[in-house]
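Some notes on the structure that comes next.
Protein chains: 2
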Amino acid sequence: MKKSLGAATLIVPTPTWVVGTYDQDGKANVMTAAWGGICCSDPPCVAVALRAATYSHGNILARKAFTISVPSENHVVEADYWGMASGRDKDKFASASLTPEASTLVDAPFVKEFPLVLECELQQAVEVGLHTQFIGRIVDVKADEAVLDSKGKPDLEKIRPILFSPGNRSYYTIGEFLAKGFSVGQKFQE
Amino acid sequence: MKKSLGAATLIVPTPTWVVGTYDQDGKANVMTAAWGGICCSDPPCVAVALRAATYSHGNILARKAFTISVPSENHVVEADYWGMASGRDKDKFASASLTPEASTLVDAPFVKEFPLVLECELQQAVEVGLHTQFIGRIVDVKADEAVLDSKGKPDLEKIRPILFSPGNRSYYTIGEFLAKGFSVGQKFQE
Chain E
1 MKKSLGAATL
11 IVPTPTWVVG
21 TYDQDGKANV
31 MTAAWGGICC
41 SDPPCVAVAL
51 RAATYSHGNI
61 LARKAFTISV
71 PSENHVVEAD
81 YWGMASGRDK
91 DKFASASLTP
101 EASTLVDAPF
111 VKEFPLVLEC
121 ELQQAVEVGL
131 HTQFIGRIVD
141 VKADEAVLDS
151 KGKPDLEKIR
161 PILFSPGNRS
171 YYTIGEFLAK
181 GFSVGQKFQE
Chain Z
1001 MKKSLGAATL
1011 IVPTPTWVVG
1021 TYDQDGKANV
1031 MTAAWGGICC
1041 SDPPCVAVAL
1051 RAATYSHGNI
1061 LARKAFTISV
1071 PSENHVVEAD
1081 YWGMASGRDK
1091 DKFASASLTP
1101 EASTLVDAPF
1111 VKEFPLVLEC
1121 ELQQAVEVGL
1131 HTQFIGRIVD
1141 VKADEAVLDS
1151 KGKPDLEKIR
1161 PILFSPGNRS
1171 YYTIGEFLAK
1181 GFSVGQKFQE
């Protein structure tokens, strides 16, 4: 018999992703978000949900673009900071001593020091409630060569992304290879 | 200088969640999805994206409800199977020897053996492309007592959810506690 915990956003795992935007003056901004996920394979799209009160929210609506930079666990302190401060009154890149790099494909910057980046054009803004969900069409994925596997794909174990657990609002590392997908489950197929 | 990988759904981490629905005959069905995430805090909502070709897609539209059951790593084989077989021609619960439990709050079943469950009413169906994104209002979260922390919240380290990495289409375990959120980043605040 399971225990009822009420209506709450208590699911695991959620990601720790950094949303990059430009403000009206062209200042690069970043904010950290755990409310997001892939939402379509074709065209490839990713969704990230932000409160209207955030500085990034207005930036995305104005520029129709954003990036997602995936931090490694060694940048957890910077990522956490970017989830607390606002770009309205801070240069969040400068405060954290990290570097904005301009996307050549969309009107948004990404985090040069982070190993994996998605460049997105705004496809839809969906009002859900307190949060607006921004659906971005992924125009390109860019990665440091050092985090690619032998087939040229991003390797989770080299990226070492950060998990967020809403229950205790804490960050966790990724673990180890468990199983090959679309493979181990074959044992139940007749 | 980062390497361009093209327009693709190559981001990490993505979750391994199981979507529970009833079909028109009241048969319980499940499918595994990695394309999802929380999309609003108030009202609490979660999004999961399914292809129109899936059996679950029609079930959600007809019943206006779904659940998300979070498998532990010890059920990775069952979860993988549920991402391959279709409920159109299989009883996926019976094939995997797991148990559907009826939600008393929404018109959908969840997986009794999985430690964490979200019961959702369909709020919006967003057409994105190949995938439809179903936004569910979380009516209740239910968890096994054994996976709760001392404050009664779901504990990531006890649930041991499964990560999916789209690059090599493989599953990974979660790792260890890294840092307290809304805390470690204070060092960059003035």
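Same order as they appear, the protein sequences are chains E and Z. Following my numbering, the numbering of the first sequence begins with 1 at its first residue and continues without gaps. Following my numbering, the numbering of the second sequence begins with 1001 at its first residue and continues without gaps. Glycine included, every Cβ here is placed at the ideal spot set by N, Cα and C. Nothing here was measured: the structure is a model prediction, and the numbers come from that model.
- Under the DSSP assignment, Z:Lys1158 falls in the alpha helix (DSSP H) whose first and last residues are 1156–1159.
- From the listed residues Z:Ala1053, Z:Gly1058, Z:Ala1034, the smallest Cα separation to Z:Ala1047 is found for Z:Ala1034.
- Shown here for Z:Ser1150: not one same chain residue has a beta carbon closer than 7 Å to its own, the five before and five after excluded.
- Per DSSP, the continuous alpha helix (DSSP H) segment holding E:Arg63 begins and ends at 55–63.
- CA-CA distance, E:Gly26 to Z:Glu1176, rounds to 38 Å.
- For the 8 Å CB-CB criterion, E:Ile68 and E:Leu118 form a contact.
- If you draw a straight line from the Cα of Z:Gly1036 to the Cα of E:Ala62, it comes to about 26 Å.
- DSSP, reduced to helix, strand and coil, places E:Ala28 within a strand of the structure shown.
- When rounded, the separation of the alpha-carbon atoms in E:Phe66 and E:Thr32 is 13 Å.
- When the five nearest sequence neighbours on each side are left out, the beta carbons in the same chain lying within less than 8 Å of the beta carbon of E:Phe164 are those of Pro13, Thr14, Pro15, Thr16, Ala34, Ser170, Tyr171, Tyr172, in order along the chain.
- For Z:Ser1041, the enclosing beta strand (DSSP E) covers residues 1036–1041.
- Close CB contacts of Z:Phe1093 within its chain, under the 7 Å cut and outside five residues either way in sequence, are with Ala1028, Val1030, Thr1099, Pro1100 (chain order).
- Within 7 Å of the CB of E:Glu145, the CB atoms of chain Z belong to Lys1003, in sequence order along the chain.
- Think of a sphere of 8 Å around the beta carbon of Z:Pro1013: the chain E residues whose beta carbon falls inside it are Pro13, Pro15, Leu156, Pro161, Leu163, Ile174, in chain order.
- For Z:Ile1060, the closest Cβ of chain E is not nearer than 8 Å.
- Pairing Z:Ile1174 with E:Ile135 gives a Cβ-Cβ distance that is not under 8 Å.
- As a beta-bridge residue in DSSP terms, E:Arg51 pairs with E:His131.
- In this chain, E:Trp82 is not harboured by any beta strand (DSSP E), its DSSP state being neither H nor E.
- In this model, Z:Cys1040 and E:Tyr81 are separated by some 21 Å (Cα to Cα).
- Residue pairing by DSSP places E:Glu121 opposite E:Ala65, E:Arg137 in a beta bridge.
- For the 8 Å CB-CB criterion, Z:Asp1144 and E:Lys2 form a contact.
- Residues of chain E whose Cβ lies closer than 8 Å to the Cβ of Z:Leu1116 are, in chain order, Leu10, Ile11, Val12.
- Its chain contains Thr1021, Tyr1022, Asp1023, Asn1029 as the residues whose beta carbon lies nearer than 7 Å to that of Z:Asn1059, once the 5 sequence neighbours on both sides are disregarded; these appear in chain order.
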